[in-house]
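**Q**
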Amino acid sequence: MMTSIASWFLISCLVLLAPVSTSGAAPAWSWPIAPPHVVTEPFVAPPDPYSAGHRGVDIAASPGQPVVAAAAGVVTFSGTVVDRPLVVIRHDDGHVSSIEPVVGSVEVGSPVTRGASIGTVGVGGHCADGCVHFGVRRDGVYVNPMLLLGEVPPAVLLPLTATAGAQARGWALR
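Just so you know, the sequence shown maps onto residues 327 to 500 in the working numbering.
This is the structure we're talking about:
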């Protein structure tokens, strides 16, 4: 009886917390490069602002490939930092995105629409000539760009208690 009540409660919470689209409209954000969209390195949030992490996603790309604005906004930087070219955009929804290495074709202060050309994939940075790094901040804190692209992988719910086999596989808490 207690298990069925707990199960009902959990399912109810998941249904209530699930995102619902009432407009049927496409997401306000899109991928900055054309398909296929192969994420070579996922977002890894650091435990605190000063710890190591991967503050964006790396997407497979080739030098010279066109790059577009992921959402509408205004270009706040287009140039080179240290050894890599990059473009930074402040978006209408309050997010700030950066993508590198990108040789920008836009000027600072230029408004851009979602899907507008902003440059081409360059070389440099931590992507060894095989990807672009796409980072997004909100209020100065990096967020997973996949959230804005509607591409977050499903969550896996783990049981609080489990068999020894499930614990050995790391599928359950102790």
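Ideal placement from N, C-alpha and C gives every residue a C-beta, glycine not left out. In this text the structure is predicted, and so the values were computed from the model without any measurement.
One question on the structure: do C457 and A386 come within less than 8 Å of each other, judged by their Cβ atoms?
**A** In contact: C457 and A386 (Cβ atoms closer than 8 Å).
**Q** Across which residues does DSSP place T406 in a beta bridge pair?
**A** Its beta-bridge partners are P411.
**Q** Given a threshold of 16 other Cβ atoms within 10 Å of its Cβ, counted over all protein chains shown, does Y468 qualify as buried or as exposed?
**A** When all chains shown are included, Y468 counts as buried.
**Q** Are R440 and E426 closer than 8 Å when you measure CB to CB?
**A** Contact flag unset, no.
**Q** So, helix, strand or coil for L483, using DSSP?
**A** Reduced to three states, the DSSP call for L483 is coil.
**Q** Reducing DSSP to helix, strand and coil, say where P471 ends up.
**A** Helix at P471.
**Q** Run the CB neighbour count on S347, radius 10 Å, all protein chains shown included, and call it buried at 16 or more, exposed below.
**A** Low per-residue confidence applies at S347: pLDDT is 39, beneath 50, and the placement is therefore not dependable enough to give any value.
**Q** Measuring straight from C-alpha to C-alpha, what distance separates S349 and V408?
**A** Unreliable positioning characterises S349 in this predicted model, as indicated by a pLDDT of 42, which lies under 50. The coordinate reading is nonetheless provided below. Going from the Cα of S349 to the Cα of V408 covers about 43 Å.
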